[in-house]
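Residue numbers (my numbering), protein chains in the order written: chain A, 316 to 490; chain B, 29 to 282. Ideal Cβ placement from N, Cα and C applies to all residues, glycine included. Predicted model, so just to flag it, every value in this text is computed and none were measured. Worksheet for the structure shown next.
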Amino acid sequence: MIPEGELLRSRVVSELSDSLEGALDRRLDGYAVLAPRDAILFDADGVGVITFEAGVPSMAYHTETDRGGPAALADIGAGPYRLELHELDADALDLPGRTDALDVPPGMPADRLAGDAALAERTRRIAADDADADDGEPDAIVEFLDDEAAIERIRSDARQQAAARADEWGFEDAI
Amino acid sequence: MVEAFAVASGKGGTGKTTSTLALGMALAEEYDVTVVDADTGMANLLFHTGLGDADTTLHDVLLEGGAPIEAATYERFGMSVVPCGTSLAAFEAADPERLRTVVAELASTTDVLLLDSPATLGSKSAVLPIVLADRVVVVLQPTIPALSDGLKVQEYALSYGSEIAGTLFNRVRGDVGDVTAKADRYFEGPLLGTIPESEAAGAARAAGEPLLAHAPDSPAAAAYREAAGVLDPRTGDADAVADRFRSAVIPEPP
């Protein structure tokens with residue numbers, strides 16, 4: 316379903332607040348795999364998967380029940396869990412065949428699985444800010460483009476980086 | 029006769045693959061076009077062209093004693109399409125030394141070569157398409173991160189002797205005339221086009237078709253056709269381009 320990401324941590328947790336908050340704080344692109352603590356094999360009784368985009372929960376799926384979205388959160392149920400947190404490029408989460416049926420509202424995992432209303436609210440707020448930013452906020456962009464000195468810094472940093480990497484990567488001939 | 033373009037953005041989600049195929053299909057009305065998934069670590073092109081179950085991909089060609097490039101070249105939507113597979117293991121097994129020969133071979137048999145480039149500048153293999161291309165199409169979105177990353181792509185390209193074909197503002201909502209006018213001061217090459225955000229793009233991908241095949245009458249498709257018109261390929265000497273690919277540095281597997 317999801318390409319394999321880089322395993323960040325694997326542990327048994329009795330509650331999910333810290334893990335969800337950690338993902339949010341580091342603006343994680345990736346996913347969490349949740350299994351009952353007692354499961355001997357990770358997928359013996361099925362596992363729940365929650366994906367994160369910039370730290371905000373976006374999709375949920377349960378492998379045993381084959382249900383997605385809020386229903387998958389119900390299938391994941393109460394802890395303690397064995398939790399694996401994986402980092403994955405955001406593009407890889409833009410899955411072919413992704414359907415709305417997998418989507419979860421941003422705050423719902425914190426609400427339903429962690430019972431942490433404050434974290435749910437914080438997650439919803441950050442998700443709303445992200446959506447605004449995606450919409451472009453033309454004023455902020457124009458302001459950015461008016462800052463000629465800042466733009467020149469970006470360009471000259473990139474030129475220096477390109478030159479430094481030309482040595483490292485053997486692109487000297489191209490320069 | 030060939031000109032090689034890299035379609036690049038430095039940031040994910042800008043719609044590079046959609047743009048590559050849209051420009052490719054529009055140019056294919058006049059030119060012989062080959063589109064290559066140069067994002068070898070994160071294949072995407074195959075899903076946009078209905079080639080998800082392709083038996084042979086670029087990865088197989090790059091294997092020691094692997095398949096000939098013809099076996100991984102598919103005639104789709106009026107273009108030659110060279111997809112990559114999705115298996116990282118297959119990519120790791122591939123012999124990167126073969127890549128330059130492969131791309132040089134392609135360059136000798138087409139008018140326009142479009143390289144769908146990785147959404148990062150973080151590795152040698154990701155930057156290689158920008159180094160190899162004659163000109164780079166910088167795909168932007170009207171957001172600060174996308175503009176900032178687009179500027180970096182431009183500086184890398186210019187540093188490595190590639191020209192900028194122009195900028196393409198993709199997934200645009202509303203009027204961004206102020207943004208494109210101000211951005212124009214910093215980017216080389218013309219504004220190729222402003223492509224409106226389109227649900228048709230997602231639907232096209234889900235259907236395994238390029239946007240211009242799936243929704244040819246959509247405003248986004250029309251904007252891509254106009255952009256391709258501005259691109260004006262200079263079909264130069266094929267041997268010179270082929271030589272450049274052959275002599276180019278080969279990326280290490282990730």
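My guess is that B:D65 and B:V110 are in contact by the Cβ rule of under 8 angstroms, so how many angstroms apart are they, rounded?
So it is a contact: roughly 7 angstroms between Cβ atoms.
If we define contact as Cβ-Cβ less than 8 angstroms, is B:P247 a contact residue for chain A?
No, no contact with chain A.
What would DSSP say about B:D60, mapped onto helix, strand or coil?
If DSSP states are grouped into helix, strand and coil, B:D60 belongs with coil.
Using only the alpha-carbon positions, how far apart do B:Q182 and A:S334 sit?
About 38 angstroms.
Contact criterion: CB-CB distance below 8 angstroms. Does B:I223 meet it with respect to chain A?
By this cut-off, B:I223 is not an interface position.
Listing by chain order, which chain B residues have their CB less than 9 angstroms from the CB of A:V457?
In chain order: D206, V207, K210.
Applying the 10 Å Cβ sphere with the 16-neighbour rule, what's the burial state of B:P279?
With a pLDDT of 44 at B:P279, under the threshold of 50, the modelled position of this residue cannot be trusted; read the value that follows with caution. Result: buried.
Span of the alpha helix (DSSP H) holding A:L403?
Careful: A:L403 lies outside any alpha helix (DSSP H) and carries neither H nor E.
List, in order along the chain, the chain B residues whose C-beta lies closer than 9 angstroms to that of A:D462?
Ordered by position in chain B, no residue passes the 9 angstroms Cβ test against A:D462, which lies about 10 angstroms from the chain.
In terms of alpha-carbon separation, which member of A:E458, A:D381, A:I456, A:M423 lies closest to A:A442?
Checking every option, the nearest Cα to that of A:A442 belongs to A:M423.
Kindly say whether B:G43, judged by its beta-carbon, lies nearer than 8 angstroms to any beta-carbon of chain A.
No, its Cβ sits nowhere closer than 8 angstroms to a Cβ of chain A.
I believe B:Y184 touches B:L141 by the beta-carbon criterion, under 8 angstroms. Please report the beta-carbon distance rounded to the nearest angstrom.
So it is not a contact: roughly 19 angstroms between Cβ atoms.
Between which two residues does the beta strand (DSSP E) holding B:Y102 run?
Note, B:Y102: beta strand (DSSP E), 102-104.
Taking the alpha carbon of A:R324 as the reference point, which residue from A:D431, A:A386, A:R397, A:E368 has its own alpha carbon closest?
Considering only alpha carbons, the answer is A:R397.
Do A:E336 and A:L403 have their beta-carbon atoms positioned less than 8 angstroms apart in this structure?
No.
Report the neighbours of A:F367 on chain E: residues whose CB is nearer than 9 angstroms to its CB, in chain order.
The chain labelled as chain E is not found among the protein chains of the depicted structure, namely A and B.
So with CB distances below 7 angstroms, who are the chain B contacts of A:A442?
Within 7 angstroms Cβ-Cβ: nothing; A:A442 doesn't reach chain B, min ~16 angstroms.
When you compare the region 212-221 of chain B with the region 247-261 of chain B, are there three or more beta-carbon pairs, one atom per stretch, that lie closer than 8 angstroms?
Yes, since at least three Cβ pairs between the region 212-221 of chain B and the region 247-261 of chain B fall closer than 8 angstroms, the two stretches touch.
Might you give, ordered along the chain, the residues of its own chain that have their beta carbon closer than 8 angstroms to the beta carbon of A:R352, omitting 5 neighbours on each side?
Contacts found: V327, G394, P395, Y396, R397.
Would you decide whether A:S471 is buried or exposed? Buried here means 16 or more other CB atoms lie within 10 Å of its CB.
Flag for A:S471 reads exposed.
Taking the Cβ atom as the reference point for each residue, do B:A211 and A:L460 lie within a distance shorter than 8 angstroms?
The answer is yes: Cβ separation under 8 angstroms.
What are the residues in the region 339-350 of chain A lying within 7 angstroms of chain B by C-beta distance?
Listed by position, the residues of the region 339-350 of chain A near chain B (Cβ gap below 7 angstroms) amount to none.
Taking Cβ to Cβ, would you say B:V63 is nearer than 8 angstroms to B:S145?
It is not a contact, given that the beta carbons lie outside the stated cut-off.
Taking the beta strand (DSSP E) that B:G194 belongs to, which residues open and close that run?
B:G194 -> beta strand (DSSP E) spans 191-200.
Can you list, in chain order, the residues of its chain with a C-beta nearer than 8 angstroms to that of B:A241? Leave out the 5 residues immediately preceding and following it.
Answer for B:A241: M53, F105, A232, listed in chain order.
In the region 393-409 of chain A, which residues sit with their C-beta less than 9 angstroms from some C-beta in chain B, listed in chain order?
Residues D404, A405, D406, A407, D409.
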